[in-house]
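Q:
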Amino acid sequence: MTERDDILLRFGEAGILNGIRWAYRSAARQVSEDFSEECGHTAGWVGNTRYVLFRDRLDRVFSCGRYVLSEDVHSGEGRDIVFASLTQDEIETLPLIDPNLVQRSNLNHSIGWSFSGIRWLLASGPYGKLDTIRWDRRSRTKTIVAQQRNVDPNQASLFEVLPEESTPEWIDAVATPHLADLDQLTLVISHSQDIMTWRSEMGIGIPCLARDGSAWNWYEDLLTTPPTKGGVRLAQPSNPADDANLNEPDAPVKLRRKVDGAELRTAEEN
Numbered sequence: 002m003t004e005r006d007d008i009l010l011r012f013g014e015a016g017i018l019n020g021i022r023w024a025y026r027s028a029a030r031q032v033s034e035d036f037s038e039e040c041g042h043t044a045g046w047v048g049n050t051r052y053v054l055f056r057d058r059l060d061r062v063f064s065c066g067r068y069v070l071s072e073d074v075h076s077g078e079g080r081d082i083v084f085a086s087l088t089q090d091e092i093e094t095l096p097l098i099d100p101n102l103v104q105r106s107n108l109n110h111s112i113g114w115s116f117s118g119i120r121w122l123l124a125s126g127p128y129g130k131l132d133t134i135r136w137d138r139r140s141r142t143k144t145i146v147a148q149q150r151n152v153d154p155n156q157a158s159l160f161e162v163l164p165e166e167s168t169p170e171w172i173d174a175v176a177t178p179h180l181a182d183l184d185q186l187t188l189v190i191s192h193s194q195d196i197m198t199w200r201s202e203m204g205i206g207i208p209c210l211a212r213d214g215s216a217w218n219w220y221e222d223l224l225t226t227p228p229t230k231g232g233v234r235l236a237q238p239s240n241p242a243d244d245a246n247l248n249e250p251d252a253p254v255k256l257r258r259k260v261d262g263a264e265l266r267t268a269e270e271n
């Protein structure tokens, strides 16, 4: 079995792929509904807004960030937080996933998630051109991730091998107090929308830094499978301290609390 097949099988059996599909479709739907040229919205607004909504939906479905489940959560508590701004269909298809299955795994100020020792980050791109993303023109973090060569844990860490033209800036790009976090295989989820037709693209894979040819060592389109029936999720919002010192803006969703084209560079590239 190839690395690609193994990862997709593990992610599929655990429900991770269904959760990612649900999160993207929900984010893309709200972006298309909220878009207004009269309000001055542009392709840049589309890319940035879809990113923060996608991030929020991933946290909802995987019980991460502000949607972490507390140990003493009561039946029915927090549903208005999780269901806020969702359609009835999105509520009904929201996958039921073990809240301890996925954890936040932020990498050098790029928000990420981790399952079974494998991390994934987000990256938007121009519609129809996700296969030609130039990772060396993205953030330092994405550039380093695109240099992954080994997935064998007995080999050197993917971040121990820097390009020949390494400079102090390259070393700073991977400097972090949590050095152990750098030893995970890191995938990237790329996503896009056409603001004329609202057609969508979204998939997951291992990026490649090659300047000629494909931007991916391997890539899997995740929108070919229709939504599956999910169920009711219960969640207790938590203190969003995990997002401290990150540069991305808060998700522009209206949460009700019970208590008290080409796209421009988006927040995910900071």
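Just so you know, we're using this note's numbering here: the sequence shown kicks off at 2 and counts up by one. By construction, the Cβ of each residue, glycine as well, lies at the ideal position given by its N, Cα and C atoms.
DSSP beta-bridge partners for M203?
A: H192
Q: Using a Cβ-Cβ cutoff of less than 6 Å, which residues in the same chain neighbour R5 once the five nearest sequence positions on both sides are dropped?
A: W219
Q: Might you give, ordered along the chain, the residues of its own chain that have their beta carbon closer than 6 Å to the beta carbon of F36, omitting 5 neighbours on each side?
A: H42
Q: Out of K130, S117, I17 and G206, state which residue places its alpha-carbon closest to the alpha-carbon of R58.
A: I17
Q: Where does I112 fall in DSSP's three states?
A: Note: I112 maps to coil in three-state DSSP.
Q: In angstroms with no decimal places, state the Cα-to-Cα distance between P100 and S111.
A: 22 Å
Q: Exposed or buried, what is L131 when buried is set at 16 or more other beta-carbons lying within 10 Å of its beta-carbon?
A: buried
Q: Which same chain residues end up closer than 8 Å to L210 when comparing Cβ atoms and leaving out the 5 residues on each side of it in sequence?
A: W136, D137, T144, A147 and Q148
Q: Count the CB pairs spanning the region 44 to 60 and the region 25 to 32 that are closer than 8 Å, and state whether there are at least three.
A: yes
Q: Within 10 angstroms of its Cβ, does Q89 collect 16 or more other Cβ (buried), or is it exposed?
A: exposed
Q: Once DSSP output is grouped into helix, strand and coil, what is the label at S125?
A: Of the three classes helix, strand and coil, the one that applies to S125 here is strand, per DSSP.
Q: May I have the straight-line CA-CA distance separating W121 from S86, to the nearest angstrom?
A: 25 Å
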